[in-house]
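J.:
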Amino acid sequence: MKRSLAIALLTIATAVPALAQSRPPEPAPIATAAPAEDWTVKPEWISAHVRFLAGPELQGRGSMTRDEAIAAAYVAARFQGYGLQPAPGADGYLQKVKVIRPRLDGGPKLVVGGKPTNGATLLFGGAERVEGVATLYMGDDGAALPAGDVILAGGPKLSAMAALRATRGRKTKLLVLRESEETQKLWSRLGERPRLDAYLASQAPEEGVSVVVLPAAAFDRAAKSAGKPVTMTLPGLVREAVETTNAIGYLPGTDPKAGVILLAAHLDHLGVQPDGTVMHGANDNASGTAAVLELAHALSSGKRHRRGILFAAFGAEEMGGFGSRAFAEAPPVPLNEIVANLAFEMIGAQDPKLPAGTMMMTGYERSTLGPTLAARGALIAKDPYPEQNFFARSDNYALALRGVVAHTISGWAVTPTYHSPKDTVDALDIPFMARAIQSLIGPARWLADGDFRPDWTAGGKPTE
Ligand SMILES: [Zn+2]
Numbered sequence: 001m002k003r004s005l006a007i008a009l010l011t012i013a014t015a016v017p018a019l020a021q022s023r024p025p026e027p028a029p030i031a032t033a034a035p036a037e038d039w040t041v042k043p044e045w046i047s048a049h050v051r052f053l054a055g056p057e058l059q060g061r062g063s064m065t066r067d068e069a070i071a072a073a074y075v076a077a078r079f080q081g082y083g084l085q086p087a088p089g090a091d092g093y094l095q096k097v098k099v100i101r102p103r104l105d106g107g108p109k110l111v112v113g114g115k116p117t118n119g120a121t122l123l124f125g126g127a128e129r130v131e132g133v134a135t136l137y138m139g140d141d142g143a144a145l146p147a148g149d150v151i152l153a154g155g156p157k158l159s160a161m162a163a164l165r166a167t168r169g170r171k172t173k174l175l176v177l178r179e180s181e182e183t184q185k186l187w188s189r190l191g192e193r194p195r196l197d198a199y200l201a202s203q204a205p206e207e208g209v210s211v212v213v214l215p216a217a218a219f220d221r222a223a224k225s226a227g228k229p230v231t232m233t234l235p236g237l238v239r240e241a242v243e244t245t246n247a248i249g250y251l252p253g254t255d256p257k258a259g260v261i262l263l264a265a266h267l268d269h270l271g272v273q274p275d276g277t278v279m280h281g282a283n284d285n286a287s288g289t290a291a292v293l294e295l296a297h298a299l300s301s302g303k304r305h306r307r308g309i310l311f312a313a314f315g316a317e318e319m320g321g322f323g324s325r326a327f328a329e330a331p332p333v334p335l336n337e338i339v340a341n342l343a344f345e346m347i348g349a350q351d352p353k354l355p356a357g358t359m360m361m362t363g364y365e366r367s368t369l370g371p372t373l374a375a376r377g378a379l380i381a382k383d384p385y386p387e388q389n390f391f392a393r394s395d396n397y398a399l400a401l402r403g404v405v406a407h408t409i410s411g412w413a414v415t416p417t418y419h420s421p422k423d424t425v426d427a428l429d430i431p432f433m434a435r436a437i438q439s440l441i442g443p444a445r446w447l448a449d450g451d452f453r454p455d456w457t458a459g460g461k462p463t464e
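Letter by letter, the sequence shown follows residues 1 to 464 of UniProt numbering.
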């Protein structure tokens, strides 16, 4: 699950899906073995997935790393073993997505009122070149930051993060801050490297606000040029091409006109931190990946369903949802054929606010999907943390914005191990996971076999 607000400002853009345009393979006959109601999700199957995915070997499955690619290869191998086909139009189970990850060698070049400044440090990069007119603000209230394309903000008690938040949704292109204890801490938290937004290679970069810090004396000199032109350029900008990996499997349905269901989870996590700490990400999100795997395991057993089912494990969610965004940009089936999307995030712990054994569904009241599945036995309930806006913070959102009824199912989204090195396999409640996944099999089969098509409730469909 992505972090919110300010931290989201530290993130990325998108990539090109590499689904080959070859003919889809003929669906293989699917074994008619155990009937659905006899299927039992075994805790040891879940344990096997999470021990591999969140084990020491995979080093926390950092977004766009080899570890992430190995996790995707594991999921792909399982999909194949369960008898799934590659997605329609794909020649394999792995989808490679190109992402551009910019980096800056050296500092930014900042010219204020025709005079070059010394000692500028770039914290966050929005665009390669910024031009505008300087507006000076020496107040301490970040929320009262004036509008303008370039703001020089140097109040002695100004919160840099509050000032940055105030620029959101405005046309501000550059925020120049006077160096403070807070900006120094921020710089060290960034690992003393500017945070530049990555983006999908298939899309133009999003140009957010750039944030530059000037040493006090340099800031005070620049402040005398309020009202004059400012330019900032990044002469040492390098656009490094990296790759994330999605694993996608497909269970063909018997009725091509009945639509497709998408069950998904992100497989990446935060990897190895600059200080060497490994973030294993057992709950976030080896647990959700295990849910998708075990739903694939169960739903590929027994007779074929009327609707097709796509199973996806997305890469690079933590860095900006690149895997799911690339999927939504070039889906293997037209998006209007996707009847419903369920994403699974952090189902490894039980939320003490919910009845025992129950998971939450983000945006539950936004569509008819959750209540209908719950009435069929799915152990899901309303999200008790609407203020956290979890609905917009996971992979379901890229599809929901495009109109697909898409939600995320989560166990305890605000668990104390969230984004900490303590998010390990030992902290998972595997019996809870097994029961929770078990409860979804019947409702998922019902959805796949029937003609119920969920819809948004009034005002439930998200708009950006
Ligand atoms: Zn996360």
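Glycine residues also receive a C-beta, built at the ideal position from the N, C-alpha and C atoms. Since this is a predicted model, take the numbers as computed values, not measurements.
Starting from HIS297, trace the alpha helix (DSSP H) in both directions and tell me its first and last residue.
T.: 288–299
J.: How is residue 545 classed by DSSP in three states: helix, strand or coil?
T.: Because the chain in this structure spans residues 1 to 464, residue 545 falls outside the shown range and cannot be described.
J.: Any heavy atom of ligand 1 closer than 7 Å to the CB of GLU318?
T.: yes
J.: Compute the Euclidean distance between the alpha carbons of LYS382 and GLU206, then round it to the nearest angstrom.
T.: 33 Å
J.: Check whether the Cβ of ASP284 lies closer than 7 Å to any heavy atom of ligand 1, and answer yes or no.
T.: yes
J.: At what residues does the alpha helix (DSSP H) containing TYR397 begin and finish?
T.: 396–400
J.: When you measure from the CB of HIS419 to every non-hydrogen atom of ligand 1, does any distance come out below 7 Å?
T.: Yes, the Cβ of HIS419 comes within 7 Å of a heavy atom of ligand 1.
J.: Taking all protein chains shown into account, decide if MET138 is buried (16 or more other Cβ within 10 angstroms of its Cβ) or exposed.
T.: The residue in question, MET138, is exposed, as its Cβ has fewer than 16 Cβ neighbours within 10 Å.
J.: In the DSSP assignment, what residue or residues form a beta bridge with residue 467?
T.: As shown, the chain starts at 1 and ends at 464. That puts residue 467 outside it, with no answer to give.
J.: Suppose the cutoff is 6 Å on Cβ atoms and the five residues either side in sequence are ignored; what does the same chain contact list for VAL150 look like?
T.: GLY132, ALA134, LEU174 and VAL230
J.: Starting from VAL211, follow its DSSP beta bridges and name the residues at the other end.
T.: According to DSSP, VAL211 bridges with PHE124 and LEU175.
J.: THR244: buried (16+ other C-beta within 10 angstroms of its C-beta) or exposed?
T.: Its Cβ being crowded by 16 or more others within 10 Å, THR244 is buried.
J.: Tell me the rounded alpha-carbon separation between ARG402 and GLU337.
T.: Computed Cα separation, rounded: 12 Å.
J.: Quick one, which of LEU164, GLN438 and GLY106 has its alpha-carbon nearest ASP38's?
T.: GLN438
J.: Can you give the Cα-Cα distance for SER159 and GLY142, rounded to whole angstroms?
T.: 6 Å
J.: If we count the other Cβ atoms within 10 Å of its Cβ and call it buried at 16 or more, is ARG189 buried or exposed?
T.: exposed
J.: ILE347 lies in the alpha helix (DSSP H); which residues open and close that run?
T.: Taken as a continuous stretch (DSSP letters only), ILE347 belongs to no alpha helix (DSSP H), as it is neither H nor E.
J.: Looking at the unbroken alpha helix (DSSP H) that takes in LYS98, where does it start and where does it end?
T.: It is not in any alpha helix (DSSP H) - LYS98 instead sits in the beta strand (DSSP E) that spans 94–104.
J.: Given that a residue counts as buried once 16 or more other Cβ atoms are within 10 Å of its Cβ, and exposed if not, what is ASN396?
T.: buried
J.: Less than 7 Å between the CB of LYS461 and some heavy atom of ligand 1, yes or no?
T.: no
J.: By alpha-carbon positions, which one of GLY55, ARG170 and LEU214 ends up nearest to LEU123?
T.: LEU214
J.: Let me make sure I understand the geometry here. Which of VAL414, PHE219 and SER301 has the alpha-carbon closest to that of VAL111?
T.: PHE219
J.: Could you check the C-alpha separation between THR172 and ALA163 for me, to the nearest Å?
T.: 11 Å
J.: Go through its chain and collect everything with a Cβ distance to ARG453's Cβ below 6 Å, but skip five positions before and after it.
T.: VAL339
J.: Kindly indicate which three-state DSSP category LYS185 falls into: helix, strand or coil?
T.: helix
J.: Just checking my contact of LEU84 with TYR250 at CB under 8 Å: how many whole Å lie between their CB atoms?
T.: 6 Å
J.: Using C-beta distances below 7 Å, list every residue in its chain close to ARG103, excluding the 5 sequence neighbours before and after it, in chain order.
T.: LEU196, VAL238 and GLU240
J.: If we count the other Cβ atoms within 10 Å of its Cβ and call it buried at 16 or more, is ASP284 buried or exposed?
T.: buried
J.: Using a Cβ-Cβ cut-off of 6 Å (strictly less than) and excluding sequence neighbours within five positions of VAL41, which residues of its own chain qualify?
T.: Once the five neighbours on either side are set aside, the close Cβ partners of VAL41 are GLU294, ALA434, ILE437 and GLN438.
J.: Could you tell me the alpha carbon to alpha carbon distance between ALA166 and ALA153, rounded to whole angstroms?
T.: Their Cα atoms are separated by approximately 12 Å.
J.: Would you say VAL97 and PHE322 are within 8 Å of each other, going by their C-beta atoms?
T.: yes
J.: Run the CB neighbour count on GLU345, radius 10 Å, all protein chains shown included, and call it buried at 16 or more, exposed below.
T.: buried
J.: According to DSSP, what are the bridge partners of MET161?
T.: Bridge partners of MET161: none, in fact.
J.: So the candidates are ALA226, GLU329 and LYS2; which of them puts its Cα closest to the Cα of GLY113?
T.: ALA226
J.: How far does the beta strand (DSSP E) with residue 473 in it reach, from first residue to last?
T.: The shown model of the chain, from 1 to 464, leaves out residue 473, and the question about it has no answer.
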